[in-house]
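Worksheet: one structure, shown below.
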Amino acid sequence: MKPIKSTACIGVYGGEIIRKNRKGACALNHTYHLIIKFIYVTFLLYLTMGLIYDIDYKSILFVSIVLALAGYLGDFFLLPKMGNVFTTLSDALLSFLIVWFIGTYFFDMDIGTKNFKINQVPLFQISLTVGIVYAVIEWFYHRWFFKFLGKKEVF
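Numbering (this note's numbering), first residue to last: 521 to 675.
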């Protein structure tokens with residue numbers, strides 16, 4: 521499959537974050553991809569876990585680092601081979617499990633089925649909320665990512 525040639529990535533400077541590859545399509549630097557993912561994951565977790573469930577910022581920052589790295593690896597390995605649907609579903613499950621397991625050790629002491637200590641919400645509900653919202657955001661991020669690279673989206 522021949523990539524779509526685009527001039528959208530020409531003219532971005534600052535250490536050549538975005539550049540043309542040998543085939544003429546836009547290529548994304550891994551650091552740039554990881555920074556974008558970390559920023560929107562932190563923002564998403566702050567909105568869901570910080571504002572709604574009143575969890576401290578240190579825990580949110582730690583969960584966002586782990587979730588951004590795990591999501592990056594999923595995007596890097598699963599997205600080109602399995603497509604957007606499977607990768608989004610695996611991102612939802614992965615984010616649910618990460619928030620649940622890290623939450624059990626950092627801001628809750630049970631497995632998350634009893635009420636959360638601060639505002640009487642089960643950790644399971646917090647993890648489920650984050651997983652669903654993260655999956656919706658990832659769906660659109662994957663679509664943008666395919667469009668940015670000039671490749672046809674794989675479902």
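From the three backbone atoms N, C-alpha and C, an ideal C-beta is built for every residue, glycine too. Note that the coordinates shown come from a computational prediction; the quantities given were computed from them, not determined experimentally.
{"Query": "Own chain, CB closer than 8 Å to T607, minus 5 neighbours either side, in chain order", "Result": "G594, D595, L598, L599, E658 and H662"}
{"Query": "Proximity below 8 Å, CB of I618 to CB of V586", "Result": "yes"}
{"Query": "Close Cβ partners of S610 (< 7 Å) along its chain, the five nearest in sequence each way excluded", "Result": "G594 and L598"}
{"Query": "Reduced DSSP secondary structure (H/G/I, E/B, other) of E658", "Result": "helix"}
{"Query": "For I555, the first and last residue of its enclosing alpha helix (DSSP H)", "Result": "H550 to L565"}
{"Query": "Spatially closest choice to G651 from L613, F665, F666 and Y625, by CA coordinates", "Result": "L613"}
{"Query": "Span of the alpha helix (DSSP H) around L599", "Result": "L599 to M602"}
{"Query": "Where Y573 falls, given that 16 or more other Cβ within 10 Å makes a residue buried", "Result": "buried"}
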